[in-house]
Amino acid sequence: MKLQRGKVLVDPPASASSDIAFILIIFFLVCAAVQPETGISQVLPKTEEKKDKQEQSKNLEVSITPTSIVLNGSPLKLPEFAQRLTAALKQKTRDADKIVTVKSSPDTPYPLWIDVSQTIKEAGGILTLELESDRVINVE
């Protein structure tokens, strides 16, 4: 007696392909998150909420706009800015007096901001950013 064998089709379980896809997604997310960030490393000092007016006037203030750099109220170009900043920081002896507050407009080009921050660092200043903060004061 001869037995006939029928063709048996075996389908892999449908849940296995979704598990494999999920594991691959997790694998690529973990691998992508390990890439180191690049850029200029800067240590920014913490800002304090309360500042004395006397201490605030000691700090050099720099405002960056797309067309100019303003150091303590006088607009300058980058080479003049570097010279005046270096001269102003040479007069200061303590590290607390070498803080340079930088405020930039939203449309400031990134290369200009990087040039100014590198100039401050090379001149021996400590870069700190002035951030805008909205406060709501309720008056009763």
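In our numbering, the protein residues as written are 1 to 140.
Note that the Cβ used here is the ideal one computed from N, Cα and C, for glycine as well.
Remember, predicted model here, so these are calculated numbers, not experimental data.
### Query
Considering only C-alpha positions, which residue in the set K77, C31, E61, V30 is nearest to K103?
Working through the sequence shown from its first residue, we reach residue 103 at position 103. Per the Cα distances, E61.
### Message
Here's the rule I'm using: 16 or more other beta-carbon atoms within 10 Å means buried, otherwise exposed. How should A32 be labelled?
### Response
By 1-based counting over the sequence shown, the position of residue 32 is 32. A32 is exposed by the Cβ-count criterion.
#### Entry: Given T67 as reference, the closest of Y110, Q83, I126, E130 once Cα atoms are compared
Reading the sequence shown from its first residue, position 67 is the one you call residue 67. Selected option, being the one with the closest Cα: Y110.
#### Entry: Alpha carbon of I126 to alpha carbon of S63, nearest angstrom
For the purposes of this step, residue 126 is taken as the residue at position 126 of the sequence shown. For the purposes of this step, residue 63 is taken as the residue at position 63 of the sequence shown. Each residue's alpha carbon lies about 15 Å from the other.
### Opposing strand residues paired with P75 [DSSP bridges]
Residue mapping note: residue 75 aligns to position 75 of the sequence shown, counting from 1. Paired residue(s): V70.
### Message
Could you give the first and the last residue of the continuous alpha helix (DSSP H) run that contains L112?
### Response
Locating residue 112 in the sequence shown gives position 112, counting from the first residue. Here the alpha helix (DSSP H) through L112 covers 110 to 123.
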